[in-house]
Amino acid sequence: MKILFADAFPESFIEILREQGDECVVSPDLGAEDLPETIGGFDVLVVRSTRVTAEAIDRSDNLGLIVRSGAGTNTIDCQAAADAGIYVCNVPGTNSVAVAELALGLLLAVDRHIPAATADLRAGVWNKKAYSKSDGLLGKTFGVVGVGEIGLATAERARAFGMTVVAERKADRQPDVEARIRAIGIRLVEDLDTLIAESDVISIHLPGGGDTENLVDADFLEKMRPDAVLINTSRGEVVDEVALLAAMEPKASGRVSTCSATSRVAAPGSSRRP
0 MKILFADAFP ESFIEILREQ GDECVVSPDL GAEDLPETIG GFDVLVVRST RVTAEAIDRS
60 DNLGLIVRSG AGTNTIDCQA AADAGIYVCN VPGTNSVAVA ELALGLLLAV DRHIPAATAD
120 LRAGVWNKKA YSKSDGLLGK TFGVVGVGEI GLATAERARA FGMTVVAERK ADRQPDVEAR
180 IRAIGIRLVE DLDTLIAESD VISIHLPGGG DTENLVDADF LEKMRPDAVL INTSRGEVVD
240 EVALLAAMEP KASGRVSTCS ATSRVAAPGS SRRP
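Residue numbering for the sequence shown follows numbering that gives the first Met the number 0, starting at 0 and increasing by one per position.
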């Protein structure tokens, strides 16, 4: 089998495939615009963040499988792949602990003013009075929006900090997920509005696209508690960034005190940034 890796991957894993007789080509610098010219002759395409467009899929001749080395498949034109009879698979859960730890790390950084304190210290400013103040996490309510592998792992860690964790009740959840919710000690509320109203911290763990685009809009933000914290470690398009910036303005009465995010709708410098 001929496999194209269009991102950087550990050489030790690729060597296992080579030992089994697979021909592996590793091209970590390939971008979405390069794939159409490169994809010919490959049976399998493995990507991490490289976008796979309909053009690339149309230009493939032997491709039977696209593997996304991660949970989300929003960077792949899955409809074009389906139309071409190409399977798309992902590996959900592999990064759940890492993202959950990141989410709690972001929350701690916000609560303890670590980024601002670090910037001031590097500038020679020592403002102990301002930066030693903290609301703390113990006893606060942590709302999880999206109770997949990452959401559950994040909830476990929030509970370890003594937080009350709430999530929205869903009628169609699998029994094993319900069992994990009970084991972690997540309290289920009837709807998203209740979750928003009760939470001191809201952590987003949703896939991109479809019904989740701009889920966190002006209406969502208006329902949040004053000085609430929003954490988004999912897709950038889940949050309406223009509405978020407006909600964080002083004239908005501190509706959202802080947002900590690991993804944007568009990269820094892009004309799509608000």
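No residue lacks a Cβ here, since even glycine has one placed at the ideal position from N, Cα and C. This structure is a prediction, so every number in the text was calculated from the model and none was measured.
Can you give the Cα-Cα distance for K139 and I113, rounded to whole angstroms? Taking the sequence shown and counting its residues from 1, one reaches residue 139 at position 140. Taking the sequence shown and counting its residues from 1, one reaches residue 113 at position 114. Each residue's alpha carbon lies about 19 Å from the other.
Per DSSP, which residues does L64 bridge with? Please list them. For this step, residue 64 is matched to residue 65 along the sequence shown. When DSSP reads this structure, L64 sits in a beta bridge with V43 and Y86.
Which parts of the segment 215–255 are runs of the alpha helix (DSSP H), unbroken and 4 residues or longer, counting only runs that do not cross its ends? Uninterrupted alpha helix (DSSP H) stretches at least 4 residues long and entirely within the segment 215–255 occur at 217–222 and 240–246, given in chain order.
Cβ-based neighbour list, D190, same chain, cut-off 7 Å, excluding 5 preceding and 5 following: Locating residue 190 in the sequence shown gives position 191, where the first residue counts as 1. Hits under 7 Å: E167.
If I follow the unbroken alpha helix (DSSP H) through V96, where does it start and stop? Here residue 96 is taken as the residue at index 97 of the sequence shown, counted from 1. Counting along the chain, the unbroken alpha helix (DSSP H) around V96 starts and ends at S95 to D110.
On the DSSP letters alone, give me the boundaries of the alpha helix (DSSP H) that L34 sits inside. Taking the sequence shown and counting its residues from 1, the one referred to as residue 34 is at position 35. Here the alpha helix (DSSP H) through L34 covers L34 to T37.
Taking contact to mean at least 3 C-beta pairs separated by less than 8 Å, is the segment 193–207 in contact with the segment 218–234? Touching, per the Cβ criterion.
Using the three-state DSSP reduction, which class does A79 fall into: helix, strand or coil? Position 80 of the sequence shown holds residue 79. DSSP, read as helix, strand or coil, puts A79 in helix.
Identify the residues that DSSP records as bridge partners of G142: which are they? Working through the sequence shown from its first residue, we reach residue 142 at position 143. In DSSP, G142 forms a bridge with V165 and I201.
Opposite L187 in the DSSP bridges: which residues? Locating residue 187 in the sequence shown gives position 188, counting from the first residue. Bridge partners of L187: A166.
If I measure Cβ to Cβ from I185 and keep anything under 6 Å in the same chain, skipping five residues before and after, which residues do I get? Taking the sequence shown and counting its residues from 1, one reaches residue 185 at position 186. These residues qualify, in order along the chain: A154, V164 and A166.
Looking at the unbroken alpha helix (DSSP H) that takes in K128, where does it start and where does it end? By 1-based counting over the sequence shown, the position of residue 128 is 129. From DSSP, the alpha helix (DSSP H) with K128 extends over K127 to Y130.
Locate the alpha helix (DSSP H) running through E155, then write down its first and last residues. Locating residue 155 in the sequence shown gives position 156, counting from the first residue. E155 -> alpha helix (DSSP H) spans E148 to A159.
R17 to E10, Cα distance in whole Å? Here the question's residue 17 lines up with position 18 in the sequence shown. Here the question's residue 10 lines up with position 11 in the sequence shown. Rounded to the nearest angstrom, the two C-alpha atoms are 10 Å apart.
With DSSP as the reference, please indicate the residues paired to I2 in a beta bridge. On the sequence shown, residue 2 is found 3 positions in, with the first residue counted as 1. Under the DSSP definition of a beta bridge, I2 partners with C23 and V43.
Can you check which of these residues, T74, R67 and V241, is closest to D218 by C-alpha distance? Taking the first residue of the sequence shown as position 1, residue 218 is located at position 219. Nearest of T74, R67 and V241 to D218, Cα basis: V241.
Which first and last residues belong to the alpha helix (DSSP H) in which P114 is found? Along the sequence shown, one-based indexing puts residue 114 at 115. Here the alpha helix (DSSP H) through P114 covers I113 to R121.
Pull up the distance between the alpha-carbon of G147 and that of G123, whole angstroms please. Within the sequence shown, the letter at position 148 stands for residue 147. Within the sequence shown, the letter at position 124 stands for residue 123. In a straight line, the C-alpha of G147 is about 43 Å away from that of G123.
Grouping DSSP H, G and I as helix and E and B as strand, with all else coil, what is V51? Taking the first residue of the sequence shown as position 1, residue 51 is located at position 52. Note: V51 maps to strand in three-state DSSP.
In terms of alpha-carbon separation, which member of T93, R111, L137 and G135 lies closest to K127? Here the question's residue 127 lines up with position 128 in the sequence shown. Among T93, R111, L137 and G135, the Cα nearest to that of K127 belongs to R111.
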